[in-house]
Amino acid sequence: MERTSELERRIQALEDVEAIKRLKHRYWRCLDLKLWDELAGCFAPDAAVDYGEGRYRFQGVEAIMRFLTQSLGRESGALGVHHGGHPEIELTGATTARGSWALYNYLFNPGQQRGVWIGAYYHDDYVKLGGGWKIQRTGYTYLFHEEWSRADLPSLRVVVPA
């Protein structure tokens, strides 16, 4: 019986890690496709985000979604593709986990003739609520943030944190 319990525990751990991977990929897909209702469902009710090392810090799903829809919504003109991978997920309890993800993000605003490349690492906390995993906290530390004007390509600018 002991062996069966250990196998069940290990299978549950694998299923939890896979569910967290799917959650994070859903988060990025919903950002890119502007699926705001589905994106809101990725967060725990008291979730917190910190995008840009403290410049864009929000608490609670309503505040998070207001920021995301204003900065990336259709009216903003922003288009983006988030490529995330290299997950390192650690289950810290039966209903808690943390993870790190590499991000390569391309943003383009045709109306502003502006492009942005971002290389960063996300650092997340997750919580299992009602049998499903949610993002409790997310944010990233960028490795670089490159912006340029598509109207004036020689204006290419790369910002690398010290």
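All letters in the sequence shown, in the order written, are residues 5 to 166 by my numbering. All C-beta atoms, glycine included, are put in the ideal place defined by N, C-alpha and C. All values derive from a computational prediction rather than experimental measurement.
| Item | Value |
| --- | --- |
| In DSSP terms, what residue 100 is bridged to | 131 |
| Assigned exposure category for residue 128 - 16 Cβ within 10 Å defines buried | buried |
| Nearest to residue 44 (by Cα), restricted to the options 135, 20 and 71 | 71 |
| Residue 169 versus residue 133: straight-line alpha-carbon distance, rounded | There is simply no residue 169 to check, as the chain begins at 5 and stops at 166 in what is shown. |
| For residue 46 and residue 139, believed in contact at Cβ under 8 Å, the rounded distance | 5 Å |
| Straight-line gap, residue 77 to residue 156 (C-alpha atoms, nearest Å) | 25 Å |
| Strand pairing of residue 147, partner residues [DSSP] | Bridge partners of residue 147: none, in fact. |
| Local Cβ density within 10 Å of residue 85, reported as buried at 16 or more and exposed below that | exposed |
| Beta-carbon gap between residue 68 and residue 137 smaller than 8 Å | no |
| Residue from 124, 55, 97 and 41 with nearest C-alpha to residue 107 | 124 |
| Alpha-carbon spacing of residue 95 relative to residue 28, whole angstroms | 15 Å |
| The beta strand (DSSP E) enclosing residue 48, as first and last residue numbers | 47–55 |
| Residue 39 and residue 82 closer than 8 Å at C-beta | no |
| Identity of the residue in 60, 65 and 41 nearest residue 49 by Cα | 65 |
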